[in-house]
Amino acid sequence: MSVDAIVIGAGFAGLYAVHRSVQEGLTVVGIEAAPSVGGTWYWNRYPGARCDVESVDYSYSFDEQLQTDWTWTERFAAQPEILAYLDHVADRFDLRRHYRFDTEVAGARFVDGRWVVDTSTGDTVSGRFLLCATGCLSAINRPDIPGLDGFTGQVYYTAAWPREDPDLQGKRIGVIGTGSSGIQVVPILAEQADSLVVFQRSPNYTIPMPNYPWSDEDLQRIREEYPQRRKKSAYAPAGTPHGTYHKKALETEAQERAQALWARWRDGGVLFSKTFPDQTSVLEANDIAREFAEDRVREIVKDPAVAQDLIPTDHPIGTKRICTDAGYYETFNRDNVRLVNLRREPIAEVTADGVRTSEAAYPCDVLVFATGFDALTGAMTRIDPVGPRGDRLSEIWADGPVTFLGLMVPGLPNLFSFSGPGSPSVLANMVLHAEVQVDWALELMVAARHRGLAEVEPRHDAASAWTAHVGEAAARTLFLKAQSSWYLGANIDGKKRVFMPYAGGFGNYRTKLDDVAEQGYSGLILTAR
Ligand code: N01
């Protein structure tokens, strides 16, 4: 099969890329490993999965009527509702017919001006452009723990949770991993389990997420304010309409500071990590917010030793992805829940009937791995596209990802990678981010058609300059103080430690994309047919 555009993935970015391609009159085929659409929200269907960006912002803005017709029921949407939304979008815009589901990409190479993509079904598809909407948190990290194969109980991964929810009532459950996924699933499993052991290698900061159903008045107000809300988000630092407190922490009196922190704490969620404008760049300012959050943990958790174990000691607050929860800390006050600090007693092995650490054996019927992802680069390096001169992505990125604008890679013409390294990605509202990146790619593809261009590829110097800029932007923040973060690839053995997302702000990033397009795509080699 031969088309203009091949889109890998049917999540937010992939669906929109297919839709935009069709709108531009291009022939398109989508390839998706899952049996249906949804991407992240198809796979991560573990109990408690919920988005930490407000539903009315974490939704497409490209179609006014879609926005008007769809009604979000809660402030923070749960996974089933987001999946239902993406199903609705796929049906509404008739996108499914372009997809091959249950199909994995086995490899991709650029031959004679076209991307040739091999698939797990044995078919090959060729396209002028390859649009990789492969997700930034999709390549699952499955730790290789000795003995795991011999475990006789059930094993689940939060990132590949079964479609039929397993019955875990009355089971002895062990959860490994305490990032956003582990922190969301733990309170729910604790209610079902006979006993729950939480195996924690690194604690994370988590902020309660006060969720509530939108009332009719809320929805009416949101509808009226939508244009304004979207406008505010369009060039905002994180792609949402929310900002920081109007004064820096270090220029605010203690009492006023506490009031601002309480207000953010009660409002809940990720925004706490940006309460003050200087919080992510000045350690002293960060300390103020960090100490406030740590005091809350000590207030909630009754056993002071457990509280202490739950408080991170290795990074300023918000420099690893801050988590959001519904009753996580309270869970450790339950009689059936136990926290095991793997820094003190590392896992020695998984046995037939549980987990054995250096200190004790913990019998389990069920093990739940919430152990994260080979983030940002993993989905792409597992495909490992090969360019016309034999350049392989895994080699180009061996010392850290090199990109032009977090969208293109030197040596790989006509390839776009969405939501990946070198773009704000995980630091921004992913839906708006996907729209902006896909629009940019499609506009370039259309320009290529009009100008009779066969290939568009970033210059090496332009990609090096952008990659250096990504590093400089990170260096101006406190992010690099969190050396154990997946933002730096630290969770994956052997992965080069480089801060991967662009920390210069979504608005600045978008302005840069606009500028490059307006300047006739400076930084790209444009090869005529
Ligand atoms: O993954 P993680 P996640 N033995 O990498 C531990 C988004 N998200 O799926 O930190 C023992 O954060 C690991 O320990 P350590 C969000 O962007 C959003 O939870 O490496 N433990 C860590 O505790 C988020 O940041 C939402 O020491 C092992 C955990 O597993 C991102 O996805 C919800 C281990 C992995 O945490 C990823 O979150 C969910 C081992 N061998 C996810 N290997 C919302 O919107 C790893 N760990 C709310």
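First residue of the sequence shown? That's 1094 in this note's numbering, and the numbers climb one at a time after it.
Glycine is no exception: its CB is placed at the ideal position from the N, C-alpha and C atoms.
Would you give the residue range spanned by the alpha helix (DSSP H) that residue i belongs to?
i	result
residue 1255	From DSSP, residue 1255 is part of no alpha helix (DSSP H); its letter is neither H nor E.
residue 1604	1599–1611
residue 1110	1105–1116
residue 1314	1309–1327
Does residue i pass the burial test, meaning 16 or more other C-beta atoms within 10 Å, or should it be called exposed?
i	result
residue 1158	exposed
residue 1398	exposed
residue 1264	buried
residue 1348	exposed
residue 1094	exposed
residue 1708	Lying before the first or after the last residue shown, residue 1708 is absent from the chain, which here runs from 1094 to 1622.
residue 1482	exposed
residue 1550	buried
residue 1191	buried
residue 1288	buried
residue 1528	buried
residue 1350	buried
Which residues in the same chain as residue i place their Cβ atom closer than 7 Å to its Cβ, once the five residues preceding and following it in sequence are excluded?
i	result
residue 1609	1498, 1615, 1616
residue 1337	1367, 1368, 1369, 1370
residue 1576	1583
residue 1394	1400, 1403, 1422, 1425, 1426
residue 1226	1100, 1101, 1102, 1104, 1106, 1107, 1110, 1511
residue 1572	1412, 1580, 1592, 1596
Could you tell me whether any non-hydrogen atom of the ligand N01 is closer than 7 Å to the CB of residue i?
i	result
residue 1166	no
residue 1145	yes
residue 1158	no
residue 1547	no
residue 1449	no
residue 1405	no
residue 1584	yes
residue 1613	no
residue 1134	no
residue 1236	yes
residue 1230	yes
residue 1424	no
residue 1440	yes
residue 1209	no
Keeping to the same chain, check which residues put their C-beta closer than 8 Å to that of residue i; ignore five residues upstream and five downstream.
i	result
residue 1405	1295, 1296, 1297, 1298, 1413
residue 1274	1137, 1139, 1142, 1251, 1252, 1463, 1465
residue 1620	1506, 1546, 1547, 1548, 1549, 1550
Leaving out five residues on either side along the sequence, give the residues of the same chain with a beta carbon under 6 Å from the beta carbon of residue i.
i	result
residue 1458	1246, 1264, 1265
residue 1605	none
residue 1231	1472
Quick check on the DSSP output: the beta strand (DSSP E) that includes residue i runs from which residue to which?
i	result
residue 1551	1546–1551
residue 1351	Per DSSP, residue 1351 belongs to no beta strand (DSSP E); it is in the alpha helix (DSSP H), 1347–1360.
residue 1085	Residue 1085 lies beyond the range of the chain shown here (1094 to 1622); nothing can be said about it.
residue 1124	1121–1124
residue 1333	No beta strand (DSSP E) contains residue 1333, which DSSP labels as neither H nor E.
residue 1622	That residue, residue 1622, is in no beta strand (DSSP E); it is neither H nor E in DSSP.
For residue i, decide whether its Cβ has a neighbour in chain D, counting only Cβ atoms nearer than 8 Å.
i	result
residue 1483	No chain D appears in this structure, which consists of one protein chain only.
List in chain order: all unbroken alpha helix (DSSP H) runs of 4+ residues lying wholly within the segment 1130–1184.
-> 1133–1136, 1157–1162
Of all the beta strand (DSSP E) runs that stay within the bounds of the segment 1464–1527, which reach a length of 3 or more residues?
-> 1508–1510
Length-filtered (3 minimum) beta strand (DSSP E) runs lying within the segment 1188–1260 | 1198–1204, 1207–1212, 1217–1225, 1247–1250
Sequence ranges, alpha helix (DSSP H) only - wholly within the segment 1386–1439, length at least 4 | 1397–1403, 1421–1424
Complete runs of the beta strand (DSSP E) confined to the segment 1256–1303 [at least 3 residues] = 1265–1269, 1288–1293, 1299–1301
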